[in-house]
Amino acid sequence: MSRRLPEGGRFTDRSQRIGFTFNGRSFQGFAGDTLASALLGSNQVLMGRSFKYHRPRGVVASGVEEPNALVGLGSGDRFEPDQRATTTEIFPGLEATSQNHWPSLERDVGAINDKLARFLPAGFYYKTFLAPVSFWKHVYEPFIRRSAGLGKAPDAEARDPDTYEHFNVTTDVLVVGGGVAGLQAAKAAADSGAQVLLMEQTAHWGGRAPVDGGTIEGLDPEAWVSRTVAALEAMPNVRLRLRCMGAGIYDHGYALGYERVGDHRPEADGPRHRLWRIRAGHIVSATGALERPLSFAGNDLPGVMLASAVRDYVVNWGVAPGDRTVVVTNNDDAYRTAIALKKAGLKVPAVLDARQHGGGALMQEARELGIRVEQGWAVAKVKGGASVTGVAACLQIGSGVVMEEIACDAVAMSGGWSPVVHLWSHCGGKLRWDAEGAFFRPDPARPATGADGQPMISAAGAANGFGGLKDALEDADRAGKFACQRAGFKPAEGGVPQADLPAEAPLAPVWLMPAGAGPELRMKAWLDYQNDVKVSDVQLAAREGYQSVEHAKRYTTLGMATDQGKLSNINGLAILSDALDQPIPQTGTTTFRPPYTPISFGAISGEAKGSLFQPLRRTPMHAWHEGNGASWEPVGHWRRPYTYTQPGEDKHQAVVREINATRESLGILDASTLGKILVKGPDAGRFLDMLYTNMMSSLKVGRCRYGLMCNENGFLIDDGVVVRLSEDSFLCHTTTGGADSIHAHMEDWLQCEWWDWKVWTANLTEQYAQIAVVGPNARNLLETLGGLDLSKEALPFMGWTEGTLGGFPVRVYRISFSGELSFEIAVPANRGRELWDALIDAGRDFGITPYGTEALHVMRAEKGFIMIGDESDGSVIPQDLGLDWAISKKKDDYLGKRAQQRSNMRSPERWKLVGLETLDGSVLPDGAYALAEGQTANHQHATQGRVTSTYHSPTLGRGIAMGLVLHGPDRMGEVLEFTAEGFDPHGSDVAAVKARIVTPVLFRPRGGKAECLRSSPP
Amino acid sequence: MSEIIAPLNGAAFDGLLRVDALGPQGQITLRGDFAAPAFRDVVTEVAGTAFPEARRVEAAGDRALLWMSPDELMLLLPYEAATTTAADLAQRLSGEHALAVDVSDARAHFRLRGAPLRDVLAKITPADVSPAALPEGELRRTRLAQIAAAVWLTGPQEARLFCFRSVAQYAFDLLSTAAAPGSEVGYFDGR
Amino acid sequence: MLILTCPCCGIAADETELSPGGEAHLTRHGPGSGDTDFEDYLFNRENARGVHFERWRHAHGCGKWFLAARDTVTMQVFGTYPAQTTEPPQEIRDRITKARPGWRWRDFGAAE
């Protein structure tokens, strides 16, 4: 059984007991425990079930590479699935639940899959669910959805109450990994004076060295680590960060760090996670190495663990994974585990060393401690079910004839070590195969390069393939010095710390145990624990023709789980290489992609949630709208009132009321969001002639003109009223959404094409609040405020004036987007709210009615005015919209003119703008298509037009619409059929609405001449 | 009596930093040829400061001249003086190809005060805010989370920040969140 | 995530402070141009694998457009320069030649 040892544990504080629950049961651990060490300390070896076969699983590792011990943490709004027990620091009240089982961890119905394993081979998804097609929707997909997915997704209604943030830093050198190599690299770099940021993913400095022993500068590694950390902490140019993982490396020295600020102290203030966005002059990846499992039958039973993890639990947390542990290995390092167990007073029945000639000094030491060592031996099979009862030992060479059954309750396995090359590889660093160590290591000749074409990352220590203490420190010192040099600093003189560690005998690669294991054993020899991929699956994939490692990965799902194959990749591709009868380097690895381990969505989104999810742009009158029943329409990032509902009204009724009030007496609109760009200079007129399709240079001072803007493709991109302020300055109004992009568009042409033209622009959009006063009583209202002559004579249609209106400094434009008498008043934004209030106040006698964007849209549609984004969609030219009157024939050039001469643009077959009236008065569905005879090449109904705007017009008392129709303007009076809601383009039943083609200008105001945007008659 | 309402109307937040939304601030956008002596003379005379070098701010009394781009300056001055000063500048620059326009209502200004100033800024801007890259007296135009903004370090623990007025509330919420108690980073302010 | 130094204000800008603007050194063809020239201007792009010239705007900064020469595979940046030019400065071309002898991009390239 696993249990807490009477003493020991570098990380644990036995004076502080911490209570937590696992599957609802109460447990106790100590401060410094991980969830895994605390559970093992309480004899809870079983921690979950596997994804596909629901096999019972225990913890395998002691760190980030853990594939099995995944749990759901927390509850309610804080529930989070798939958290590794090995990296979860316990805190009082922690709630953990195991995954992939029903009804309980111990008694799980899904375990039947294990019995059916032979029917669920590699690629079974692809084989099983092929036919019949009709089964997809109701049989296969629901089945797959139920089976797929690791853990349980948080409730859809849950809202994460925690906060997250980003942190941007620029540093000369970033060192990832706080083991002895990382510490030495940081020291070597920092001694030059360079700014150094050192981060370590766990809560402790020093990495494996304090567990693995040896001496550094005559000190035991733990003492050396403390001394070095203290020295680094004292340096003003060094920043140290624990619980901060190097998640990814990207172009130009960009790195992501994932800091778990609050996971271990959930009640504290502050963010839960912090995403570090780092710009480094050079990066040192000192990320260590990961131990590989051995592939033998039953290697996934709870109690079979990595040898290094077994000694970590003993040394770091004072926990024994078992009372009797058999060690099985192909290298010397695992002997450290045997020795550590023995020294902790635990039994080690045998070390099975697959090497014919065994190991070196460490084997000797083990033997001297009285540990039985068998050379050339292997595990044929682990005995047991939900726990280990023993191993059947055999010779490594051969097919697994059992020599002896050795009783034990735990197995420590070691298949050698693989450098963590993830960060090195993320941005294109290449690897080479090290035959001696049987691992891929960074190829120093082919690193990822930065903006200057030089290496931007170095690997150091075990991550660079230098496992021994002495070699690792030397390599780290070299990497640290190189890094500061690359960042422009001169490395300080300083020797490498002398290290001493017993020499190790070489490892012998063992990819399958025993070497000649038959099908029965291979079917129980796991490669990828988390995705339940076995040796036999990879071999099957090879037989079925999956030769590329990337294809085999996807076919078998090897390495595709949340651990991304940290334990399984090398073993898997060794098996694949063997099956393909080719050397491992030829098979190669799959791609290493960030993040190194999963990071939270919260960390990625940072502060962007709630009110900070997206910036909302508010006009100076926003609070008034909010207090007066506005419902909002998002326009870009702006929020504009859609309509103002009054008690007892729905939105539709409100819109009708607003339109009627405006047409009958007086409406008021917040038009502040319209873009306002000042264009000034001797070449301003010439410039605007190029930007607009119509002539702007001829506009007289004091006058306004409606204009259209196209891009070089000829397509309409914006429209608005241009105001000539003076001989050399114009104010260009743009659409609400277009203000920033049109300003950028202007600057683009000025800076990059016509840079010798004398023109300045300034975006004045936010300088002014703009208020439209609209309706037959508009002038009457403004006259009550007084101060400006706004008579027909003084301010004719499409004119503007400025002065003081009711005490406000204003500019007044007499322009109309509704056909009604209308004045747009611009006032400095800080006084916008005051003017709005004054107008509302003064307008009471006229029944002044604030209206929103919907009323605005209906009124413009009644007049047949186009709206950018409705009638235009990036493929429409002004000619399609009958706007030829706004396209100058006199100008040699304007942006888009050449494109509009292309044959397709001049084709008479282009759909053109018309008005549409339903025969029954109903409102056409938005985006409805006009049906034509026959079918398209895709066997859909042929079409001959589409609806671009559609509304109920209270003025006309029926539905009105605009649309683009083939030969539309030549077909006045013709009746077309439009698709109705729920129309099926493949179906034979046509649900259609009949509408007649009419002129787009549907409204003429009662009495008097309409005010409209056009400066020439339609 | 007119009612000048600057964005956020004096809102304040106390956390790792003190954040104050400032009252009305006179602002004039100036564009012109920085190499033209006439432009430099008029601008420096009206501002009462030296002409700023690239990215720098020249301040004197209640006026400051901010380098915004190679052909754009911003003149900060008392709100009441902006309209007439802009007209005066325009008049005096009429012989030049230059632009002077009153934009006093277009932007929201904030003052940030507190020791962890750089730490808080680093949470929301990708700009390098280390003392070497962003010294006092320099104006950095950058991105604050999802909006454009400019930061001017007026002292070791004090900065002026501005953005367009429509996003003032977002900027204030953003700064308050970044300066929330308990979210200390201790990177620039760590020792 | 690129870092490009804006030649107009000197800031080493993060990619998120910049807006991309597509290929550099296009020659505008307006009314009067033939279909081939106009097609080239409007549609045809180098889509280079290697040395490339492109337009960037320091949008969250000084607002200026500038041009950059970089390698689209390795992300090596050979230099940035102001937009008011129809061809890359000699100094930048020399730098590219040093790093990529024999490079060619449209009409520009290392001396044969």
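Protein chains in written order, with UniProt numbering: chain A, 1 to 1018; chain W, 1 to 191; chain V, 1 to 112. Glycine included, C-beta positions come from ideal geometry on N, C-alpha and C. If you're wondering where the values come from, they're calculated on a predicted model, not measured in any experiment.
Backbone secondary structure at residue i - three-state DSSP
i      : result
P850/A : strand
I112/A : helix
W317/A : helix
R191/W : Residue placement at R191/W cannot be trusted, given a pLDDT of 46 that sits under 50; the coordinates are not used to answer.
N904/A : coil
Y53/A  : coil
D841/A : helix
K891/A : coil
G34/V  : coil
S611/A : helix
S69/W  : strand
C244/A : strand
Y596/A : coil
V225/A : helix
E824/A : strand
Y81/V  : strand
I866/A : coil
K127/A : helix
L5/A   : coil
A340/A : helix
Contact under 9 Å by Cβ, residue i with residue j
i      : j       : result
L76/W  : A64/W   : yes
G572/A : V538/A  : yes
F978/A : A930/A  : yes
A223/A : V326/A  : no
L362/A : Y335/A  : yes
G58/A  : V45/A   : yes
Q498/A : P491/A  : no
A38/A  : M47/A   : no
P293/A : S568/A  : yes
L469/A : D212/A  : yes
V914/A : P1000/A : yes
G359/A : E217/A  : no
G15/W  : P181/W  : yes
A35/W  : L22/W   : no
W511/A : D578/A  : yes
Distance, residue j Cα to residue i Cα
i      : j      : result
L781/A : W836/A : 13 Å
K680/A : A286/A : 58 Å
V101/W : P88/V  : 36 Å
A247/A : H273/A : 13 Å
F20/A  : P92/A  : 6 Å
G95/W  : P878/A : 39 Å
P641/A : S665/A : 20 Å
V402/A : T389/A : 16 Å
G787/A : V701/A : 22 Å
Any C-beta of chain B under 9 Å from that of residue i
i      : result
L764/A : As a matter of chain content, chain B is missing from the structure shown, whose protein chains are A, W and V.
For residue j and residue i, believed in contact at Cβ under 8 Å, the rounded distance
i      : j      : result
Y851/A : G667/A : 5 Å
A181/A : G465/A : With 8 Å as the limit, A181/A and G465/A do not qualify as a contact, their Cβ atoms being about 11 Å apart.
G775/A : R844/A : Not a contact, Cβ separation roughly 14 Å.
E66/A  : A85/A  : 7 Å
Contact between the stretch 823-835 of chain A and the stretch 763-771 of chain A is defined here as three or more beta-carbon pairs at a separation below 8 Å; is this criterion met? yes
Is it true that the stretch 262-278 of chain A meets the stretch 224-232 of chain A, where meeting means three or more beta-carbon pairs spaced less than 8 Å apart? no
Any contact between the stretch 52-63 of chain W and the stretch 111-122 of chain W? By contact I mean 3 or more CB pairs, one from each, below 8 Å. no
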